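Asker: First residue of the sequence shown: 3, per the numbering used here; consecutive thereafter. Cβ coordinates follow ideal geometry from the N, Cα and C atoms, glycine included. It should be emphasised that the depicted structure is a prediction, and the values quoted were computed from it without experimental measurement. Before anything else, here's the structure in question.
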Amino acid sequence: MKDRPVLGIAYANAAMLVYAIHDSSIKALSGGYPVFQSQFFRAAIIFSGALLLLALTKRRHLIRPRRPDLIAFRGFSGLVGFGLYFLGLAHLPLVDTYALFLTAPLMIALLGTVILKERLSPIGWFAMGLGFVGVLVLLRPGPEGFSVWGLAILGAAAIYALSMVATREMAKTDASLTIVGWAALFSIVVLAPFQPFIWVAPDGGDLMLMIGLGVTAMTAQALTAQAYAHAPTAIVAPFDYVALLYIGLISWFVFDQPPDWYTAAGAALLVTSGLIVLHEAHKA
């Protein structure tokens with residue numbers, strides 16, 4: 003397929019907007035429903051969508067994974083990582099949560115050097131340090147500003163980074179639809195037994211938000227795939243940070259939580275750090 007950078011950028015921007023809507027829906031639901039219930043709904047919709055796509059495309063051979071060990075790890079890490087993310091998002095402003103989660107690309111690069119033996123230049127290591135400073139600014143260490151929920155988001159980012167390193171290996175043998183579908187099924191099997199004991203009946207609007215979690219997650223993943231199909235990684239990847247702008251606007255105008263100077267400064271350091279690491283990766 004011939005590269006069409008403008009179209010790739012359009013897909014990437016659309017994906018980031020949908021991701022922002024996804025996270026905003028989690029925030030809206032966080033006050034009234036257990037984390038496990040929201041996770042269960044999200045996984046159920048994703049799994050249903052994966053089955054529907056398999057049926058429509060008649061690619062039933064994708065049902066059986068080639069690396070069940072990594073599939074199981076991907077499912078477990080997704081369950082725990084999203085659980086921590088949902089918990090942190092319930093207690094922190096939306097923009098702070100996403101800014102802290104931007105440590106994930108740095109962690110992926112760091113894990114790549116340890117597990118996959120990928121090289122990182124001195125400038126890349128400097129960027130890692132810059133990102134760490136950004137994290138400290140966002141966490142506001144001190145008796146008044148520090149929040150344990152920030153650590154929950156960092157834990158979610160670390161687990162996500164591990165799962166992405168595993169996904170790189172899985173992608174060599176399994177299709178993305180296989181990976182996503184089995185990860186969702188893992189969450190369904192683990193979370194289903196808890197539902198009768200924690201269930202809170204959602205009203206019509208909240209039910210649509212819960213269904214929307216799965217729909218937006220699948221839509222964003224599909225848009226991201228299209229972005230990378232139409233433009234080189236070096237062009238598409240930096241647009242991951244555009245979601246921070248969308249989330250900042252939603253946080254301000256929907257949840258009345260404008261970012262403060264700590265958030266703006268920490269986010270700026272993390273974005274700068276991530277872009278430097280990305281640039282160094284594409285130079286290698």
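Ignoring anything shorter than 3 residues or poking outside the segment 111-179, list the beta strand (DSSP E) runs there in chain order.
Answerer: none
Asker: Among F134, Y35, K60, F43, which has the Cα closest to the Cα of L89?
Answerer: Y35
Asker: Decide if P95 is buried, meaning its Cβ has at least 16 other Cβ atoms within 10 Å, or exposed.
Answerer: buried
Asker: When the Cα of A17 is compared with those of L56, A239, H281, I161, which residue comes out closest?
Answerer: A239
Asker: Quick one: grab the DSSP three-state call for V192.
Answerer: helix
Asker: Per the contact definition of three or more C-beta pairs closer than 8 angstroms, is the segment 270-281 in contact with the segment 103-123?
Answerer: Counting Cβ pairs under 8 angstroms, three or more are found: they touch.
Asker: Spatial neighbours of V192 within its chain, please: C-beta separation below 7 angstroms, excluding the five flanking residues on both sides.
Answerer: Here the set comprises L81.
Asker: For the alpha helix (DSSP H) that contains T105, what are its first and last residues?
Answerer: Run containing T105: none; DSSP gives neither H nor E here.
Asker: Identify which residue in L19, S32, V37 has its Cα closest to the Cα of A194.
Answerer: Ranked by Cα distance from A194, the options L19, S32, V37 are led by V37.
Asker: Considering only C-alpha positions, which residue in the set F84, S26, P70, A154 is nearest to Q39?
Answerer: F84
Asker: Measure the Cβ-Cβ separation of S32 and I252 and say whether it is below 8 angstroms.
Answerer: The answer is no: Cβ separation not under 8 angstroms.
Asker: Within 10 angstroms of the Cβ of I249, are there 16 or more other Cβ atoms? Answer buried if so, exposed if not.
Answerer: buried
Asker: Would you give the residue range spanned by the alpha helix (DSSP H) that K60 belongs to?
Answerer: Neither: K60 is in no alpha helix (DSSP H) and is coded neither H nor E.
Asker: Could you pull out every residue in the same chain whose Cβ sits closer than 8 angstroms to the Cβ of T265, ignoring the five residues on either side in sequence?
Answerer: P95, V97, D98, A101, L140
Asker: Verify whether the separation of the beta carbon atoms of Y87 and L225 is less than 8 angstroms.
Answerer: no
Asker: With a CB to CB cut of under 8 angstroms and the five nearest residues on each side skipped, what residues in its chain are close to A227?
Answerer: S178
Asker: For L9, which residues from the same chain have a beta carbon less than 6 angstroms from its beta carbon, with the 5 sequence-adjacent residues on both sides left out?
Answerer: H232
Asker: Return the residue from the list A219, G152, I117 that minimises the CA-CA distance to L164.
Answerer: I117
Asker: Residues in its own chain within less than 7 angstroms of L19 by CB, not counting five upstream and five downstream?
Answerer: Taken in chain order, the residues that qualify are Y248.
Asker: Take the Cβ of R76 as the centre, count every other Cβ of all protein chains shown within 10 Å, and call the residue buried at 16 or more, exposed below.
Answerer: buried
Asker: For the ligand SAH, is there a heavy atom less than 7 angstroms away from the beta-carbon of T180?
Answerer: Of the ligands one can find in the structure shown there are none, so the ligand SAH has no counterpart to examine.
Asker: Tell me the rounded alpha-carbon separation between V137 and F103.
Answerer: 10 angstroms
Asker: Quick one: residues in its chain with C-beta nearer than 8 angstroms to the C-beta of A74, no 5 flanking neighbours on either side, listed in chain order?
Answerer: F188
Asker: What does the alpha-carbon distance come out to for the pair L72 and I65?
Answerer: Whole-angstrom Cα-Cα distance: 15 angstroms.
Asker: With distance defined between alpha-carbon atoms, name the residue in F241, T169, R142 nearest to W184.
Answerer: T169
Asker: Using 8 angstroms for Cβ pairs, my map puts V182 next to A52. What's the rounded Cβ distance?
Answerer: 6 angstroms
Asker: Helix, strand or coil: how does DSSP classify A233 here?
Answerer: Looking at A233 - three-state DSSP - the assignment turns out to be coil, as it is neither helix nor strand.
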